[in-house]
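Chemist: I have a structure I would like to understand better, so I am pasting it below and will then ask my questions one at a time.
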Amino acid sequence: MNQPPLNAISHFRHIRRANTQHRVRIMAVLFACLLAGVLLTLMLGQSFTPLTTVLRILGGAEVPGAGFTVRELRLPRAVVSVLVGACFGLGGIAFQTMLRNPLASPDIIGISTGASTGAVFAIVVLSLSGPAVSMVAIAAGLGVALLIYTLSWRQGVTGGRLILIGIGLAAMLQSITAYLLMRAPSWTLQEALRWLTGSVNGVQLDQALPLLIALLLFGGLLLSRHRDLETLRMGDDLAAGLGVRLAVTRVIVVITAVALVAFATAVSGPVAFVAFLSGPIAARLMGRNGSLLMPAALVGALLVLLGDYAGQFLLPARYPVGIVTGVLGAPYLLYLILRDNKTRGSL
Amino acid sequence: MSACSLLAQGLVAGYGERTILYDVNLSVPAGQTTAIVGANACGKSTLLRVLSRLLTPSQGSVLLEGNAIHQLPTRHLAQQLGFLPQSPIAPEGISVLELVSRGRHPHQGLFKRWSSADEVAVADALAATHLSELAERHMDELSGGQRQRVWIAMALAQQTKVLLLDEPTTFLDINHQIDVLDLLTDLNRQRGTTIVMVLHELNLAARYADQLVAMANGKVYAAGPPGEILTEQMVREVFGLESRVIEDPVTGKPMMIPIGRHGGIHTANAPCSQHKKAPCFG
Ligand SMILES: Nc1ncnc2c1ncn2[C@@H]1O[C@H](COP(=O)(O)OP(=O)(O)O)[C@@H](O)[C@H]1O
Ligand SMILES: [Mg+2]
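Below, the structure written as structure tokens:
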């Protein structure tokens, strides 16, 4: 137990730096992909708009025809997709990390579904619109989180019971949403699909601002807890022994994650499996030495952006983004359930 | 007489309606090694959880150097008292270096970056546990003994004055058990760390501890130097086992030899050792 040799210290410093550089590099690549993706979806569609024209339009120039397509149709869609995806990605990885189980994602355990039910209820029954819908969605999301927690409490909460109860609640809430949708017969199929599987059809740019504020506020708060969240991965007892205030951390994580998911859901509906997939994909890309919050947000944004583009233009018919991401997520869900029967799963 | 580090007074604690600890009083001398022994489910882990503030007692208090631990700020407590639970979970895909670095959590603030003190503490902990070469390995690639050393390294990196360990040697081969206990003894002798550990193996507890605490039915049955505590009567009353206690020829500490129902049959087995050709059993 003497002083460690200096070369050991610098060796470990080197390992640590290499890991940080690796992480930064992957996040930079993800960010570049996202930027490229946004520009591409602004250029491509029913018609092709050259990059220079897109940039001129973004700069405020009036271009007949293309100006409308890019500014009114493609831009809101791209911006909202990115914001919604980042919210879902953050909300998902926060829950998955805190509960140490990839199945504990808000879209699996009924929190997104609850927020969606709340949003539909606000629109159909309460005739609300705008931010008020988001508020009802958040209240519903928090309510569902509280309900799951209460129902699975039996001298402490175990992950398995919480997840099963959440899946059950999700199914119930889904049918409530469907029932509420049937009371609004004037709605189109597209509109109904938004609240059932998620869609960014017909979104407006003014819907982006509340999303951006929510992302900065709640995402920022969540990011400020990244170290506590990482320490929670070692189990509650060890984390508490290392000075993590369990109750405070849990409350902050649950509130921020539910708010992120609910704000996104109020705009796009519960885009299937984005929250569920983003974290594990980020973990594959980054390795697990360090926080996955930022990478999961980037992956989520990419998933929604590209999923929506694929649903519009790459498939034989037009599908809302939730159907595309749903098809991507379902096999992974099956894989996890099968694997969890053999081993105890974690990220 | 050394000063008291941890002092538990009149602890009553349990889970929900169920009381597990009844009026536990315990004083842990500073700079010494205390080993807690007792039959399964007598409340050893529960006591350790109360001492480390993971469980709040319904009555009584725990003082750390005179301050009630339930009133200390969490981070402050974690800088002074480390706890290693019985079977800690290693997050999937985490490297040894990363895991040991988590031990620095209580020393880092919201905005405080990784410091050179953190660097030294981690390198130090890895060197002390002979893990420097394995720093980049993943936890899932290590043997049970190595993994246990990583957990201890994490606790070392925390650099606390007091370290509580719940059965740090369970599931290890005997050579690794000795390894871990020697390591903890080094820590105690060279840094003066106060160590409190639950041990399964009575003879190892008597050998490595300065103070032996025998628990039975949620109470402290007896506490003191192993020579006074490890007696045939204690083993009978705490473990319900007939035994012989002799002097360990290696250390001079007491050593317990269980008798059991077949303890007296050495005469019946005697031909065995002479019958070198024929196996004893089938
Ligand atoms: N989290 C818990 N909830 C309820 N009962 C528990 C819990 N942990 C331990 N117990 C019970 O408390 C008793 C004492 O357990 P414990 O302190 O772990 O014993 P030991 O470590 O001495 O084997 C046991 O009967 C056990 O079943
Ligand atoms: Mg125990």
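Residue numbers (the UniProt record's numbering), protein chains in the order written: chain U, 1 to 347; chain G, 1 to 282.
For each residue, glycine too, the CB sits at the ideal point set by N, CA and C.
No experiment lies behind these values; they were computed from the predicted model shown.
Which first and last residues belong to the beta strand (DSSP E) in which L229 of chain U is found?
Modeler: Element bounds for L229 of chain U: not the beta strand (DSSP E) but the alpha helix (DSSP H), 226-232.
Chemist: Cβ atoms of G82 of chain G and G10 of chain G: under 7 Å apart, would you say?
Modeler: It is not a contact, given that the beta carbons lie outside the stated cut-off.
Chemist: Report the option in G:I94, G:L51, G:S52 whose CA atom is closest to the CA atom of L142 of chain G.
Modeler: Cα-wise, what sits closest to L142 of chain G is G:I94.
Chemist: Which word fits Y309 of chain U, buried or exposed, when buried means at least 16 other C-beta atoms lie within 10 angstroms of its C-beta?
Modeler: It is buried - the Cβ of Y309 of chain U has at least 16 other Cβ atoms within 10 Å.
Chemist: Strictly below 8 Å CB to CB, what residues from chain G border G287 of chain U?
Modeler: Result: G93.
Chemist: Give the residues of chain G in contact with R13 of chain U, contact being defined as C-beta atoms less than 7 Å apart.
Modeler: Simply E119.
Chemist: Under 8 Å Cβ to Cβ from A18 of chain U, same chain only, skipping five residues before and after it: list those, please.
Modeler: Taken in chain order, the list of residues that qualify is empty.
Chemist: By DSSP's criteria, I163 of chain U is part of a beta bridge. Which residues make up the other side?
Modeler: According to DSSP, I163 of chain U bridges with nothing at all.
Chemist: If distances are taken between C-alpha atoms only, which option among U:T41, U:V271, U:M27, U:H14 comes closest to V79 of chain U?
Modeler: Comparing Cα-Cα distances from V79 of chain U to each of U:T41, U:V271, U:M27, U:H14, the minimum goes to U:T41.
Chemist: Would you list the residues whose beta-carbon is nearer than 5 Å to any heavy atom of ligand 1, in the order they occur in the chain?
Modeler: So the residues near ligand 1 by this Cβ test are G:Y15, G:I20, G:N40, G:A41, G:C42, G:G43, G:K44, G:S45, G:T46.
Chemist: Hey, could you find the ends of the alpha helix (DSSP H) P29 of chain G is sitting in?
Modeler: Not the alpha helix (DSSP H): P29 of chain G falls in the beta strand (DSSP E), residues 18-29.
Chemist: May I have the straight-line CA-CA distance separating H70 of chain G from V261 of chain U, to the nearest angstrom?
Modeler: Going by the C-alpha atoms only, they are around 36 Å apart.
Chemist: I want to know whether the stretch 68-88 of chain U touches the stretch 300-308 of chain U - three or more CB-CB distances under 8 Å.
Modeler: As far as the Cβ criterion goes, the stretch 68-88 of chain U touches the stretch 300-308 of chain U, which means the pair count is three or higher.
Chemist: Please name the residue in U:M182, U:P76, U:F273, U:I9 whose C-alpha comes closest to that of D206 of chain U.
Modeler: Comparing Cα-Cα distances from D206 of chain U to each of U:M182, U:P76, U:F273, U:I9, the minimum goes to U:P76.
Chemist: So, does the CB of E17 of chain G fall closer than 7 Å to a CB anywhere in chain U?
Modeler: Not closer than 7 Å to any Cβ of chain U, the Cβ of E17 of chain G fails to qualify, so no.
Chemist: If you compare alpha carbons, which of U:L169, U:A259, U:A137 is closest to L151 of chain U?
Modeler: Comparing Cα-Cα distances from L151 of chain U to each of U:L169, U:A259, U:A137, the minimum goes to U:L169.
Chemist: State whether the stretch 319-338 of chain U contacts the stretch 129-140 of chain U, with contact taken as three or more CB pairs (one from each stretch) at a distance under 8 Å.
Modeler: Taking 8 Å as the limit for Cβ pairs, the verdict is that the stretch 129-140 of chain U does not touch the stretch 319-338 of chain U.
Chemist: For L172 of chain G, which residues from the same chain have a beta carbon less than 7 Å from its beta carbon, with the 5 sequence-adjacent residues on both sides left out?
Modeler: The answer, listed in chain order, is G144, G145, Q148, V180.
Chemist: Could one say the Cβ of R17 of chain U lies closer than 7 Å to chain G's Cβ atoms, at least one of them?
Modeler: Chain G contact via Cβ: absent.
Chemist: Nearest by alpha-carbon distance to A140 of chain U: which of U:F263, U:L242, U:P50 is it?
Modeler: Considering only alpha carbons, the answer is U:F263.
Chemist: Which two residues bound the contiguous beta strand (DSSP E) that contains Q59 of chain G?
Modeler: Unbroken beta strand (DSSP E) run through Q59 of chain G: 59-64.
Chemist: Which residue spans inside the stretch 132-212 of chain U form an unbroken alpha helix (DSSP H) run of at least 4?
Modeler: Runs of the alpha helix (DSSP H) inside the stretch 132-212 of chain U: 159-182, 189-197.
Chemist: For T256 of chain U, I'd like the list of residues in its chain whose CB is within less than 6 Å of its CB, leaving aside the five on either flank, ordered along the chain.
Modeler: Correct list, in chain order: F218, L221, L222.
Chemist: Quick check on the burial criterion: 16 or more other C-beta atoms within 10 angstroms. Buried or exposed for P50 of chain U?
Modeler: It counts as exposed.
Chemist: Is M172 of chain U buried or exposed, if buried means 16 or more other CB atoms sit within 10 Å of its CB?
Modeler: By the 10 Å Cβ count, M172 of chain U comes out exposed.
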